[in-house]
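> Under UniProt numbering, think of the first position of the sequence shown as 1, with each following residue one higher. Cβ coordinates follow ideal geometry from the N, Cα and C atoms, glycine included. Owing to the predicted nature of the structure, the values given are computational and were not obtained by experimental measurement.
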Amino acid sequence: VAAGARVQRALEILADDVPEHLAAAGRLRMEHKQASLEELGALADPPLTKDAVAGRIRRLLAMADKRAADLGIPGTEANLSEELADNLVG
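#1: Can you name the start and end residues of the alpha helix (DSSP H) that Ile13 belongs to?
#2: If you draw a straight line from the alpha carbon of Ala64 to that of Gly72, how long is it in whole angstroms?
#3: Could you have a look at Lys33 and say whether DSSP puts it in helix, strand or coil?
#4: Note the first and the last residue of the continuous alpha helix (DSSP H) segment covering Ile57.
#5: Assign Gly90 to one of two classes, buried (16 or more other C-beta atoms within 10 Å of its C-beta) or exposed (fewer than that).
#6: Here's the rule: buried if 16 or more other CB atoms are within 10 angstroms of the residue's CB, otherwise exposed. What is Glu83?
#7: Grouping DSSP H, G and I as helix and E and B as strand, with all else coil, what is Leu28?
#8: Would you call the region 24-38 in contact with the region 46-60, where contact means no fewer than 3 C-beta pairs closer than 8 angstroms?
Structure follows, in structure tokens:
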């Protein structure tokens, strides 16, 4: 669930300025919030490994966080509730 919120924020930050393969991985995560990375990979066209999906989502988030920092706006963790953010930390 937290990953879906971060991906949504990443796509908002980057808008149209995101490589299609990263945007596609992000859209898969948002459309299938409870799916495992392996399941997301199977849903991709063409199918991807779970490592490929994880890498694309990781790069999407990193790209958005860098852009947010450059612009001085909240990054991808801004959409998270305090409870979700606490769960990510520990």
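In this structure, then:
#1: On the sequence shown, residue 13 is found 13 positions in, with the first residue counted as 1. 2-14 is the extent of the alpha helix (DSSP H) around Ile13.
#2: Taking the first residue of the sequence shown as position 1, residue 64 is located at position 64. Taking the first residue of the sequence shown as position 1, residue 72 is located at position 72. Computed Cα separation, rounded: 12 angstroms.
#3: Taking the first residue of the sequence shown as 1, we reach residue 33 at position 33. Of the three classes helix, strand and coil, the one that applies to Lys33 here is coil, per DSSP.
#4: Position 57 of the sequence shown, counted from the first residue, corresponds to residue 57. Segment 50-71, the alpha helix (DSSP H) holding Ile57.
#5: Along the sequence shown, one-based indexing puts residue 90 at 90. For Gly90, the pLDDT reaches just 43, beneath the cut-off of 50, and the residue's location in the model is therefore unreliable, although a value from the coordinates is still provided. Exposed, since its Cβ has fewer than 16 Cβ neighbours within 10 Å.
#6: On the sequence shown, position 83 is the one that residue 83 refers to. In this predicted model, Glu83 has a pLDDT of only 48, less than 50, meaning its place in the structure is not dependable; the value taken from the coordinates is given anyway. By the 10 Å Cβ count, Glu83 comes out exposed.
#7: The sequence position of residue 28 within the sequence shown is 28, counting from 1. Reduced to three states, the DSSP call for Leu28 is helix.
#8: Touching, yes.
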